[in-house]
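Asks: What follows is a single structure, and I will ask about it in a moment.
Rendered as C-alpha cells:
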C-alpha cells in the first residue's frame, strides 16, 4: 500500500499519542514529535510504500525517547483482556474442527484485531469489551472468504499483529492444525507499537500450539523483507497460504505480491479501507489469489 | 501563546482538511500537505509563538494550491447561516442598551465563535444550529468578566474572527456605541482560513455600524504586528479596551502584552484552553488587565 496525503498528520498524531503514553515530560514528548517530524519530512513522498515512511517516523521517535517501549502497559493490559475474553471466545467458536469452526475462529481472531491502541476512533473500550465482542461476533464478517481458505491450509504462515490479539489467533491455529495443516507463526522482531513479539508467544505458551515461530527480524512496521531473516522469506515462498493479520501487515504484504494471501483485519483507517476497496469499520477475511 | 507538541499534527491535519475543501485531486492535496510539512519542519520549535508557525504552514500550503481560497464556500454558508440566526439572536439579546444587554450581546457573539470550520470536533452542525444557539445561550458564559468591561468601552478595538460570526459581533458593537463608545473594527487583510475580511464587512453593511474599519494588513493567522498597518498598531496603543475574538487572535494578542484586553471565544482546542487555564468547550469572556 502506498502512502496517502492523510497519513502525514495521522503518523505525527500517533507519535504524539505514544509519547504521552511514556511520559508527561513536555521536553521528551517534544523530542519525539520533532524526531518524527524530521523523519516524515525526509521520507514522505507520494507513491512511497506507507510502512517505509511509518517505520522511519516511529524509529526516529522511539530513538528520541531512548528506545523505551511506550506501549508496555497497554500490552500488559491487552494480554490480560485477551485472557479474560478467551472463555467467551471459546464458547462462541466451539471445539469442532470444521469449516464452520474455522469460520467462527476467523471471526473471533478478526474481532481480536480490535485490541489496538492509538488508532483514532478505535481505542478499545476497556470497560465493556465482552459486550463489544459479542456484538461483533453476532454481526460476523463483512468480507468472508473463509470457505476459499480451507483448501489452502496445508502450510500456513500466520503473521500476527497486536499483543492480546495473538491469543485469539490461537483459535484459528487450532483449526488449521486440526485439519492437518502446518503453522509457522510470525511475530515482530522487536517492540514496535503494541505489536506482538516473542514475549507474547512465551507469556501465552503459544509455541506448543504451532510448528514453528519466526520473527520479522526487526521492529519495522509490518514486515520489512529487507530486514527479515532468510527463513521467513523462504517460508513466505513455500507457504500454501499466508494469513496476514491487521493493517500494518496489509500495508507491507500488499507490496510484495505473495499469493495466495488472506488478510484478516478490521478496517480502522480510511486509507487502508480505500486501498482494499472496502468501507471503514468492516470485519474482513479477504483472500487474494 | 507558544506552540505545543500537539499542534504539529493538528496543523498538518488542517492543511489536509482544507485542501480537500478545494479539490479532490490527490496531486494538489499532496502538494499542499508537502508544502505544509516543509514549512512545519522549517519553523517548528518549542517556545515559538504558535501563530508564527501556523502562518508559515498555511501560507506555504495556500501557495501550493495556487493561492485559491479553500474556505470560499464555507464562508458563503457561514454568512447565510448568520443572517438566518440574527432574528433569534436579536430576540434573545433584546434592544436595550444596558449592562445586561451588553452581557447578552457578548454571549451571542461568543456563541458566534462556534461558526468555525476545520477545528476537530467543533464543526458547525449545519442542520440545527438554531437549537444549538438556544442551548448555548441559556447555558451562558463559563467565564464572565462582562461587568468589568463596561467601564472600559470608550475606545474599543474589536478584532473579529470568522465569517458569519462577524454579523453576531454587531450586537456587541451596537451596545458599545449605544453607551457612547467608539469602535474600530479589525478584519484580516486577506483570506486565510474562514476568517472575516473586508468582503464580510461590505456584504453585511457593517461599516455604518462602526467608527472605523482596519485590517490586519496581511493573511497572517491572528494578528501579526510586523505586518500590521501603523494605524492598527496605533489603535492598539490608544484603545481603552481591545476585544479579541476567537483562538487565533488569542494566540497572537497574548504575545504582545496590550492591556486591558478581553478575550471572547469558545475553547475549541486543548492547547488554547490549557494556556488560558480553562477547560475545553467553554464560552469565555475573559478580561486581562
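Chains as they are written, first to last, in the working numbering: chain A, 1 to 289; chain B, 290 to 578.
Backbone N, C-alpha and C fix where the C-beta goes; we use that ideal spot for every residue, glycine too.
Counting only the same chain and skipping the five closest in sequence on each side, list residues whose C-beta sits under 6 Å from that of residue 359 (chain B).
Replies: Cβ within range, chain order: 307, 310, 311.
Asks: Could you give the residue range of the beta strand (DSSP E) that holds residue 417 (chain B)?
Replies: Unbroken run through residue 417 (chain B): none, as it is neither H nor E.
Asks: Between A:191, A:30, A:110, A:151, which has its C-alpha nearest residue 76 (chain A)'s C-alpha?
Replies: It is A:191.
Asks: Can you tell me the Cα-Cα spacing of residue 305 (chain B) and residue 6 (chain A), whole angstroms?
Replies: Computed Cα separation, rounded: 7 Å.
Asks: Can you tell me whether residue 285 (chain A) is helix, strand or coil according to DSSP?
Replies: Note: residue 285 (chain A) maps to strand in three-state DSSP.
Asks: To be precise: take each residue of the segment 335-346 of chain B, compare its Cβ to all Cβ atoms of chain A, and keep it if any distance is under 9 Å. Which residues remain?
Replies: Of all residues in the segment 335-346 of chain B, 335 have a Cβ within less than 9 Å of some Cβ in chain A.
Asks: May I ask which residues mark the beginning and end of the alpha helix (DSSP H) holding residue 60 (chain A)?
Replies: Element bounds for residue 60 (chain A): 50-64.
Asks: Helix, strand or coil: how does DSSP classify residue 134 (chain A) here?
Replies: Three-state result, residue 134 (chain A): helix.
Asks: Establish whether the CB of residue 72 (chain A) and some CB of chain B are separated by less than 8 Å.
Replies: Residue 72 (chain A) does not count as touching chain B.
Asks: Would you verify that the beta carbon of residue 482 (chain B) is, or is not, closer than 8 Å to some beta carbon of chain A?
Replies: With 8 Å as the cut-off, residue 482 (chain B) does not count as an interface residue toward chain A.
Asks: On the three-state DSSP scale, how would you describe residue 278 (chain A)?
Replies: Residue 278 (chain A): coil per DSSP, three-state reduction.
Asks: Helix, strand or coil: which one does DSSP assign to residue 539 (chain B)?
Replies: Looking at residue 539 (chain B) - three-state DSSP - the assignment turns out to be helix.
Asks: Within 10 Å of its beta-carbon, does residue 101 (chain A) have 16 or more other beta-carbons around it, so buried, or fewer, so exposed?
Replies: Buried.
Asks: Please return the same chain residues whose Cβ sits closer than 6 Å to the Cβ of residue 204 (chain A), not counting the five positions on each side in sequence.
Replies: The residues are 167.
Asks: Assuming residue 533 (chain B) is part of the beta strand (DSSP E), what are its boundary residues?
Replies: Looking at the DSSP string, the run of the beta strand (DSSP E) that includes residue 533 (chain B) is 530-534.
Asks: State buried or exposed for residue 139 (chain A), treating a residue as buried only when at least 16 other CB atoms are found within 10 Å of its CB.
Replies: Answer is exposed; the Cβ neighbour count stays below 16.
Asks: Check residue 474 (chain B) in the structure and name its three-state DSSP category.
Replies: In the structure shown, residue 474 (chain B) sits in a strand (DSSP, three-state: E or B).
Asks: Using alpha carbons as the reference points, say which of A:117, A:91, A:250, A:241 lies closest to residue 171 (chain A).
Replies: Here the closest residue by C-alpha is A:91.
Asks: Let me confirm a value: residue 315 (chain B) is counted as buried when at least 16 other C-beta atoms fall within 10 Å, else exposed. Which label applies?
Replies: Exposed.
Asks: Excluding five sequence neighbours on each side, which residues of the same chain lie with their C-beta closer than 8 Å to the C-beta of residue 423 (chain B)?
Replies: Closer than 8 Å at Cβ, skipping near neighbours: 377, 381.
Asks: Is the beta carbon of residue 446 (chain B) sitting closer than 8 Å to the one on residue 531 (chain B)?
Replies: The answer is yes: Cβ separation under 8 Å.
Asks: Under 8 Å, with one C-beta from each stretch per pair, do the segment 500-507 of chain B and the segment 550-563 of chain B reach the 3-pair mark?
Replies: No, they do not touch.
Asks: Helix, strand or coil for residue 430 (chain B)? Go by DSSP, reduced to three states.
Replies: In the structure shown, residue 430 (chain B) sits in coil (DSSP, three-state: anything other than H, G, I, E or B).
Asks: Which bits of chain A does residue 315 (chain B) rub up against, with CB to CB less than 9 Å?
Replies: Simply 4, 5, 46.
Asks: Assign residue 251 (chain A) to one of two classes, buried (16 or more other C-beta atoms within 10 Å of its C-beta) or exposed (fewer than that).
Replies: Residue 251 (chain A) should be labelled buried.
Asks: Does DSSP put residue 403 (chain B) in a helix, in a strand, or in coil?
Replies: Residue state, collapsed to three classes: coil.
Asks: Is residue 145 (chain A) closer than 8 Å to residue 287 (chain A) when the C-beta atoms are compared?
Replies: It is a contact, given that the beta carbons lie within the stated cut-off.
Asks: From residue 161 (chain A) to residue 73 (chain A), what distance separates their C-alpha atoms?
Replies: Those two C-alpha atoms are separated by around 17 Å.
Asks: Run through chain B and tell me which residues come within less than 8 Å of residue 272 (chain A), C-beta to C-beta.
Replies: Within 8 Å Cβ-Cβ: nothing; residue 272 (chain A) doesn't reach chain B, min ~16 Å.
Asks: Pick out whichever of B:430, B:356, B:401, B:354 has its Cα sitting closest to the Cα of residue 371 (chain B).
Replies: Here the closest residue by C-alpha is B:401.
Asks: Distance check for residue 52 (chain A) and residue 569 (chain B), CA to CA, integer angstroms please.
Replies: Taking the straight line joining both Cα atoms gives about 36 Å.
Asks: Could you compute how far the alpha carbon of residue 132 (chain A) sits from the alpha carbon of residue 322 (chain B)?
Replies: Looking at the two C-alpha atoms, the distance is approximately 36 Å.
Asks: Can you tell me which of the three DSSP states residue 489 (chain B) falls into?
Replies: Correct three-state label for residue 489 (chain B): helix.
Asks: For residue 55 (chain A), which residues from the same chain have a beta carbon less than 6 Å from its beta carbon, with the 5 sequence-adjacent residues on both sides left out?
Replies: For residue 55 (chain A), where only same-chain residues beyond five positions count, the Cβ hits under 6 Å are 220, 221.
Asks: Identify the continuous alpha helix (DSSP H) that holds residue 315 (chain B) and give its terminal residues.
Replies: Run containing residue 315 (chain B): 315-332, per the alpha helix (DSSP H) assignment.
Asks: Rounded to whole angstroms, what's the CA-CA distance from residue 264 (chain A) to residue 196 (chain A)? Just pull it up for me.
Replies: Looking at the two C-alpha atoms, the distance is approximately 16 Å.
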